[in-house]
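Visitor: Per the numbering used here, residue 14 is the first one in the sequence shown, and the count goes up by one each step. Think of the CB as a built atom: it goes at the ideal place given N, C-alpha and C, for glycine as much as any other residue.
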Amino acid sequence: MILDGVEVSFTPGETIYEVASRSSAEIPTLCYDKRLDPFGGCRMCVVEVEGVRNPVASCTTPAAEGMEVRTSTETIDEHRKILLELVASENREVDVDPLRGYASQE
């Protein structure tokens, strides 16, 4: 698998997120917890996969041989920014300080 231009190894059954977690790639999440089965609910962990039309949730997508993954592109970053704005607007009592690094600086 190629992750942000770097070939990485993986064990069959691992997700893109699990592989990325061992590398230098940063993929944000809000709902991921290694103690639970991933379900991709927050959609913050989306990545682009070459040949796949829409972004995929990295926490639920199995890594595959020959897969080319991009964890941060203009499209992905904009997607995450919009999601964070929605979360913040609907959950005013949630501490959003840890999320500020992913939000718009405008």
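Here's a check: name, in chain order, each residue in its chain whose Cβ is nearer than 8 Å to the Cβ of residue 119, leaving out the five neighbours to either side.
Guide: Confidence is the limiting factor: at residue 119 the pLDDT is only 40, short of 50, which leaves the residue's position unreliable and the question unanswerable from this model.
Visitor: Is it true that the segment 23-31 meets the segment 95-103, where meeting means three or more beta-carbon pairs spaced less than 8 Å apart?
Guide: They do not touch, by the three-pair rule.
Visitor: Quick one: what's got a C-beta closer than 7 Å to residue 54's C-beta in the same chain, skipping five residues either side?
Guide: 44
Visitor: Only counting the same chain, and skipping five residues up and downstream in sequence, which positions put a Cβ closer than 8 Å to that of residue 71?
Guide: 28, 29, 30, 33, 40, 58, 59, 60, 82 and 84
Visitor: So residue 83 is in the beta strand (DSSP E); what residue range does that whole segment cover?
Guide: 81-83 is the span of the beta strand (DSSP E), which, as asked, contains residue 83.
Visitor: Just to confirm the assignment, what range does the alpha helix (DSSP H) spanning residue 87 have?
Guide: Taken as a continuous stretch (DSSP letters only), the alpha helix (DSSP H) holding residue 87 covers 87-103.
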